[in-house]
Amino acid sequence: MKPLLKTLTETFAPSGYEDAVRKIIQKEVKPFADEIHVDAMGSLIVRKKPTVETKNSKRVMLAAHMDEIGVIVSHVDKNGFVRFASNGGVFGRYTLGARIRFMNGVTGVVGFDKLEAVDQAPALNKMYIDVGATSRSDCPVKIGDFGSFERSYMEMGNRLVAKSMDDRAGVAVLIETLKSIKVTPHDLYFVFTTQEEVGTRGAGTAAYGIDPEIGIAIDVTGTGDTPASLKMSMELGKGPCVKVRDPGMLSDPRVVEWMVNTAEKAKLPYQREVLLVGSTDAKAIQVTRAGVMSGALSIPCRYIHSASEMVDLEDLKNSVKLLTAMLSKPVSF
Ligand code: CO
Ligand code: ZN
Numbered sequence: 652m653k654p655l656l657k658t659l660t661e662t663f664a665p666s667g668y669e670d671a672v673r674k675i676i677q678k679e680v681k682p683f684a685d686e687i688h689v690d691a692m693g694s695l696i697v698r699k700k701p702t703v704e705t706k707n708s709k710r711v712m713l714a715a716h717m718d719e720i721g722v723i724v725s726h727v728d729k730n731g732f733v734r735f736a737s738n739g740g741v742f743g744r745y746t747l748g749a750r751i752r753f754m755n756g757v758t759g760v761v762g763f764d765k766l767e768a769v770d771q772a773p774a775l776n777k778m779y780i781d782v783g784a785t786s787r788s789d790c791p792v793k794i795g796d797f798g799s800f801e802r803s804y805m806e807m808g809n810r811l812v813a814k815s816m817d818d819r820a821g822v823a824v825l826i827e828t829l830k831s832i833k834v835t836p837h838d839l840y841f842v843f844t845t846q847e848e849v850g851t852r853g854a855g856t857a858a859y860g861i862d863p864e865i866g867i868a869i870d871v872t873g874t875g876d877t878p879a880s881l882k883m884s885m886e887l888g889k890g891p892c893v894k895v896r897d898p899g900m901l902s903d904p905r906v907v908e909w910m911v912n913t914a915e916k917a918k919l920p921y922q923r924e925v926l927l928v929g930s931t932d933a934k935a936i937q938v939t940r941a942g943v944m945s946g947a948l949s950i951p952c953r954y955i956h957s958a959s960e961m962v963d964l965e966d967l968k969n970s971v972k973l974l975t976a977m978l979s980k981p982v983s984f
């Protein structure tokens, strides 16, 4: 899984421009899919049909988002300095000093107007991107160009660090799950969604098209295991997190129970998740059409929305195992 994760995280796909990541996924899933199509919003929909017929089989949509947070050029001044707005949840303190890569390959560094308070991050509108230009006319980016963090993947033992682990870690887990499922009574839709970071847009439209009975998002979740972090129980390396609640969604109790029971039966580590900030594609799936029974399996992740998001390899492997176990058998509800 590590080489795949390196390839996925070193590819650029700001919200709305997911093509490069979609191409990589398409190649990976092709031998394992019964049907593949791309919908109007750009989400990649990969179907695996049931291999056995039983009752208590469901049409299940699994979603991991392809897009990553980034910036969009809003103004170029006469000296070629680039002002920008966020495309998804880019925070000032993580953006300062970052390197940005634009879709046309141009790179730049983030500077700021002036030092006011050394220990406080300036607002995004007090920052600019220096792309090496000297004037508006030699500036290699234009208004409306998209960029995201430039940062390479690295391994620190079992801890894997990269930009866009949110949600390429989830993408990798979904790909590996598709590969590992040998038999299933369910009609499975592995959906690699677009525009999650700007408001779970691709997941909602994909769910409308698929009309699933159950929806599960696979995404990262914040942890409470660093010095003076929010009081949350999720920790790196302690297993996939069964989402009970985040500010955007209350998981369906049947889905929570399905995950917990399967983990316990298979003797897989898991954690119960109550997330205090953020949400996932599951919130959009849940309220599609007449409503969808929804939940989320989360991968614990530190430094979310920075250029160095950290996950644990064991959590990824156990997420694949748990999803595979869940989807290989009929449900009990
Ligand atoms: Co995110
Ligand atoms: Zn995410």
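Position one of the sequence shown corresponds to residue 652 (my numbering), numbered consecutively onward.
Note that beta-carbon positions come from the ideal geometry of N, C-alpha and C, so glycine has one too.
Does the Cβ of residue i have 16 or more other Cβ atoms within 10 Å, making it buried, or fewer, making it exposed?
i, result
"Asn969", "buried"
"Gly875", "exposed"
"His688", "exposed"
"Ile861", "buried"
"Ile865", "buried"
"Val991", "Residue numbering for the chain in the displayed model covers 652 to 984; residue 991 lies beyond these limits and cannot be assessed."
"Glu827", "buried"
"Leu766", "exposed"
"Asp764", "exposed"
"Arg744", "exposed"
"Ala823", "buried"
"Glu924", "buried"
"Lys934", "buried"
"Gly808", "exposed"
"Lys916", "exposed"
"Lys678", "exposed"
"Pro951", "buried"
"Asn738", "buried"
"Arg940", "exposed"
"Met805", "exposed"
"Thr835", "buried"
"Lys653", "exposed"
"Gly890", "buried"
"Leu927", "exposed"
"Val703", "exposed"
"Thr845", "buried"
"Gln771", "exposed"
"Lys894", "buried"
"Ala879", "exposed"
"Lys674", "exposed"
"Ile794", "exposed"
"Ser725", "exposed"
"Ser666", "buried"
"Val871", "buried"
"Ser799", "buried"
Classify residue i as helix, strand or coil using the three-state DSSP reduction.
i, result
"Val757", "coil"
"Gly853", "helix"
"Val907", "helix"
"Lys833", "coil"
"Val871", "strand"
"Ile696", "strand"
"Pro951", "strand"
"Val689", "strand"
"Arg752", "strand"
"Ala813", "strand"
"Leu839", "strand"
"Glu806", "strand"
"Glu679", "helix"
"Met961", "strand"
"Thr702", "coil"
"Val727", "strand"
"Thr931", "coil"
"Thr1022", "Limits of the chain in this structure are 652 at one end and 984 at the other, which puts residue 1022 out of reach."
"Thr845", "coil"
"Arg787", "coil"
"Lys889", "coil"
"Asp655", "It should be pointed out that residue 655 corresponds to Leu in this sequence rather than to Asp. Looking at Leu655 - three-state DSSP - the assignment turns out to be helix."
"Ala879", "coil"
"Ile794", "coil"
"Lys918", "coil"
"Asp818", "helix"
"Asp670", "helix"
List the residues that DSSP assigns as beta-bridge partners of residue i.
i, result
"Phe732", "Asp781"
"Ile865", "Val711, Met944"
"Pro665", "Glu719"
"Glu924", "Lys894"
"Ala901", "Correcting the residue type first, residue 901 is Leu in the shown sequence and not Ala. Note: Leu901 sits in a beta bridge opposite Arg896."
"Ser799", "Arg752"
"Ile762", "Correcting the residue identity first, residue 762 is Gly in this sequence and not Ile. Bridge partners of Gly762: Tyr779."
"Ser737", "Val722"
**Prompt:** Using the beta carbon as the reference atom, which residues fall closer than 6 Å to any heavy atom of the ligand ZN, ordered along the chain?
**Reply:** Close to the ligand ZN, as judged by a C-beta nearer than 6 Å to any of its heavy atoms, are the residues His716, Asp817, Asp818, Glu847, Asp870, Val871, in chain order.
Could you tell me whether the segment 728–741 touches the segment 779–796, using the rule of 3 or more Cβ pairs below 8 Å? Segments in contact, yes.
Is there contact between the segment 883–896 and the segment 841–856, where contact requires at least three CB pairs shorter than 8 Å?
Below 8 Å, too few C-beta pairs join the segment 883–896 and the segment 841–856 to call them touching: fewer than three.
*asked:* Quick check: the segment 680–700 against the segment 809–818, are at least 3 beta-carbon pairs closer than 8 Å?
replied: Between the segment 809–818 and the segment 680–700 there are fewer than three C-beta pairs closer than 8 Å, too few to call the two in contact.
(request) Would you check if the segment 701–717 and the segment 749–761 touch, i.e. whether three or more CB-CB distances between them fall below 8 Å? (result) As far as the Cβ criterion goes, the segment 749–761 does not touch the segment 701–717, which means the pair count is below three.
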